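Chains as they are written, first to last, in the UniProt record's numbering: chain A, 1 to 289; chain B, 1 to 141.
Notes to accompany the following structure.
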């Protein structure tokens, strides 16, 4: 059976036919693949978002701490601008004490708000003014309410946002200041969204919120867009890393202590080994008599 | 550890928003105190930073005079005109022109491939950012 099949395949006409078929299907396949590759638009630059440049933040260095005046201004910006949509769930009023505000200032801000108290004797819910131990309340009751108020988009909680985004501070700053006056020509945005090159995909539900002189700083700093963005980013970085200053202090302490201990250990080693390293073995053979 | 704390704070100045001792004067004094602490912090910190400090001071003074203008906008404008970024700006505007012309065509809606200028915009912004980023924070407080 195989012999007869071999014979039929071995005929020159059929061989040519097979070779032609293979050639045609190969060419067709490569043409189709080529055509397909012409329209593929996955992994575009727009999809990744524009990479933010690295700004020289005052807290960048190994031994640099946060600019606390900037944190204070940034909290003001958060409170007057961002807090309309974004929560800050993990920060309590007490955490601002000694960082950006004095205890009485933080207390006064907490007391302006009402929090749930224990129920009274008849079991009815009560309200009480806020205390330092209370957490900063968010603008919405729950996620559904937040989505409903923002056309389905959830404003993320800002407590850890600097840690939660690639690029950290640089990204947040670039995002806040990066809204162009109009999207580049040809960009089609879904309804209700805005163009921001730094946001992966380009269309972001949040509009530009920071405009010059939107807030009035109590220390007289000119409230330009970039100044507010810098301050609020510094504040959010503090919110993400409240241990930052302390951590760098400990780092410096660790370097000082460990390096002096290392030097000490080197000295002790040499001290102990000096007699051993310097000893000399000498063999005096007994004199032959 | 107090020795170490003193040692460290002489190296790393830290601003504490501490309460004034007298409770009555607290609301009056705090707004005055806060800027004072900052000033101290800055004057101590500046010598530690790089050589740009003198420029920084000058620019800060300038900025205090003209309050409403954002240094970011003027820097961006300035950087768009540099030799490095000019070609990108040129390409971007060429693209806008091309795409807007294309959009006016009657069968634009049914076109198989619709060009956009995102890539040109990214290239321009990338160049502008590299020029703006090292200079911007010297102009901000």
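Quick reminder that beta carbons are idealized off the backbone N, C-alpha and C, glycines included.
These numbers come from a predicted model, not from an experiment.
Starting from residue i and walking both ways along the alpha helix (DSSP H), at which residues does that stretch end?
{"i": "residue 163 (chain A)", "result": "161 to 164"}
{"i": "residue 87 (chain B)", "result": "86 to 103"}
{"i": "residue 79 (chain B)", "result": "71 to 80"}
{"i": "residue 75 (chain A)", "result": "68 to 80"}
{"i": "residue 55 (chain A)", "result": "Unbroken run through residue 55 (chain A): none, as it is neither H nor E."}
{"i": "residue 230 (chain A)", "result": "225 to 240"}
{"i": "residue 130 (chain B)", "result": "118 to 139"}
{"i": "residue 170 (chain A)", "result": "168 to 177"}
Could you give the residue range of the beta strand (DSSP E) that holds residue i?
{"i": "residue 115 (chain A)", "result": "114 to 117"}
{"i": "residue 107 (chain A)", "result": "First-last for residue 107 (chain A): 103 to 111, but that is the alpha helix (DSSP H), not the beta strand (DSSP E)."}
{"i": "residue 280 (chain A)", "result": "Per DSSP, residue 280 (chain A) belongs to no beta strand (DSSP E) and is neither H nor E."}
{"i": "residue 128 (chain A)", "result": "126 to 129"}
For residue i, which residues in chain A fall below 7 Å Cβ to Cβ?
{"i": "residue 100 (chain B)", "result": "185"}
{"i": "residue 70 (chain B)", "result": "212, 224, 225, 226"}
{"i": "residue 141 (chain B)", "result": "221, 227"}
{"i": "residue 114 (chain B)", "result": "186"}
Quick one: residues in its chain with C-beta nearer than 7 Å to the C-beta of residue i, no 5 flanking neighbours on either side, listed in chain order?
{"i": "residue 111 (chain A)", "result": "129, 130"}
{"i": "residue 92 (chain B)", "result": "117, 120, 121, 124"}
{"i": "residue 35 (chain B)", "result": "Residue placement at residue 35 (chain B) is poorly supported in this model, since its pLDDT is 47, which falls under 50; the coordinates are not used for a value here."}
{"i": "residue 49 (chain B)", "result": "At residue 49 (chain B) the pLDDT is 43, less than 50, meaning the model places this residue with poor confidence; the figure from the coordinates comes in the next sentence. There are no such residues."}
{"i": "residue 58 (chain A)", "result": "64, 67"}
{"i": "residue 107 (chain A)", "result": "132"}
{"i": "residue 79 (chain B)", "result": "85, 128, 131, 132"}
{"i": "residue 221 (chain A)", "result": "73, 227"}
Mind pulling the chain A residues with CB within less than 9 Å of residue i?
{"i": "residue 153 (chain B)", "result": "For chain B, the structure presents residues 1 to 141; residue 153 (chain B) sits outside this window and is missing."}
{"i": "residue 88 (chain B)", "result": "Simply none; closest approach about 12 Å."}
{"i": "residue 126 (chain B)", "result": "50, 51, 53"}
{"i": "residue 107 (chain B)", "result": "Simply none; closest approach about 16 Å."}
For a contact meaning CB atoms closer than 8 Å, what does residue i contact in chain A?
{"i": "residue 117 (chain B)", "result": "184, 185, 186, 187"}
{"i": "residue 81 (chain B)", "result": "Under the 8 Å cutoff, chain A gives no residues; its nearest Cβ is about 17 Å from residue 81 (chain B)."}
Thinking just about the alpha-carbon of each residue, which of the options is nearest to the one in residue i?
{"i": "residue 47 (chain A)", "options": "A:275, A:187, A:177", "result": "A:187"}
{"i": "residue 52 (chain A)", "options": "B:138, B:141, B:134", "result": "B:134"}
{"i": "residue 82 (chain A)", "options": "A:139, A:70, A:69", "result": "A:139"}
{"i": "residue 215 (chain A)", "options": "A:199, A:203, A:201, A:232", "result": "A:232"}
{"i": "residue 150 (chain A)", "options": "A:204, A:122, A:183", "result": "A:204"}
{"i": "residue 196 (chain A)", "options": "A:5, A:174, A:32", "result": "A:174"}
With a threshold of 16 other CB atoms inside 10 Å of the CB of residue i, please say whether the residue is buried or exposed.
{"i": "residue 11 (chain B)", "result": "exposed"}
{"i": "residue 35 (chain A)", "result": "exposed"}
{"i": "residue 102 (chain A)", "result": "buried"}
{"i": "residue 74 (chain A)", "result": "buried"}
{"i": "residue 100 (chain B)", "result": "exposed"}
{"i": "residue 206 (chain A)", "result": "buried"}
{"i": "residue 178 (chain A)", "result": "buried"}
{"i": "residue 30 (chain A)", "result": "exposed"}
{"i": "residue 61 (chain B)", "result": "Note on residue 61 (chain B): pLDDT 43, under 50, position unreliable in the model; the coordinate value appears next. Answer is exposed; the Cβ neighbour count stays below 16."}
{"i": "residue 128 (chain B)", "result": "buried"}
{"i": "residue 18 (chain A)", "result": "exposed"}
{"i": "residue 223 (chain A)", "result": "buried"}
{"i": "residue 274 (chain A)", "result": "exposed"}
{"i": "residue 280 (chain A)", "result": "exposed"}
{"i": "residue 8 (chain A)", "result": "exposed"}
{"i": "residue 291 (chain A)", "result": "The displayed coordinates of chain A run from 1 to 289. Any statement about residue 291 (chain A) would go beyond what the structure contains."}
{"i": "residue 32 (chain B)", "result": "Any answer about residue 32 (chain B) is weak, because its pLDDT of 45 lies below 50 and its placement is not dependable; what the coordinates show is given next. Exposed, because fewer than 16 other Cβ atoms sit within 10 Å of the Cβ of residue 32 (chain B)."}
{"i": "residue 70 (chain B)", "result": "buried"}
{"i": "residue 185 (chain A)", "result": "buried"}
{"i": "residue 76 (chain B)", "result": "buried"}
Taking 7 Å as the line, does the beta carbon of residue i fall inside it for any heavy atom of the ligand GTP?
{"i": "residue 20 (chain A)", "result": "With respect to the ligand GTP, the structure shown offers nothing to examine, as it has no ligands at all."}
Give me, in chain order, the residues of the same chain whose beta-carbon lies closer than 6 Å to that of residue i; leave out the 5 immediate sequence neighbours on both sides.
{"i": "residue 151 (chain B)", "result": "Only positions 1 to 141 of chain B appear in this structure, which leaves residue 151 (chain B) out of reach."}
{"i": "residue 176 (chain A)", "result": "210, 229"}
{"i": "residue 157 (chain A)", "result": "87, 89"}
{"i": "residue 208 (chain A)", "result": "179"}
{"i": "residue 136 (chain A)", "result": "88, 91"}
{"i": "residue 199 (chain A)", "result": "49"}
{"i": "residue 171 (chain A)", "result": "52, 165"}
What residues from chain B crowd round residue i, counting only those whose CB sits closer than 7 Å?
{"i": "residue 56 (chain A)", "result": "134, 137"}
{"i": "residue 45 (chain A)", "result": "118, 119, 122"}
{"i": "residue 233 (chain A)", "result": "Those do not exist, as residue 233 (chain A) stays about 11 Å from chain B at its closest Cβ, beyond 7 Å."}
Taking 8 Å as the limit between beta carbons, can you name the residues of its chain near residue i, skipping five residues before and five after?
{"i": "residue 118 (chain A)", "result": "126"}
{"i": "residue 168 (chain A)", "result": "162, 237"}
{"i": "residue 160 (chain A)", "result": "90, 239, 240"}
{"i": "residue 108 (chain B)", "result": "102, 114"}
{"i": "residue 113 (chain A)", "result": "129, 130, 134, 137"}
{"i": "residue 247 (chain A)", "result": "241"}
{"i": "residue 80 (chain A)", "result": "214, 215"}
Note down, in chain order, every chain B residue with its Cβ under 9 Å from the Cβ of residue i.
{"i": "residue 197 (chain A)", "result": "118, 121, 122, 125"}
{"i": "residue 230 (chain A)", "result": "136, 137, 140, 141"}
{"i": "residue 131 (chain A)", "result": "Simply none; closest approach about 17 Å."}
{"i": "residue 107 (chain A)", "result": "Going along chain B, no residue has its Cβ under 9 Å from residue 107 (chain A), so there is no contact; the nearest lies around 11 Å."}
Which bits of chain B does residue i rub up against, with CB to CB less than 8 Å?
{"i": "residue 63 (chain A)", "result": "11, 12"}
{"i": "residue 254 (chain A)", "result": "By Cβ distance, chain B contributes nothing, its closest Cβ being about 11 Å from residue 254 (chain A), past 8 Å."}
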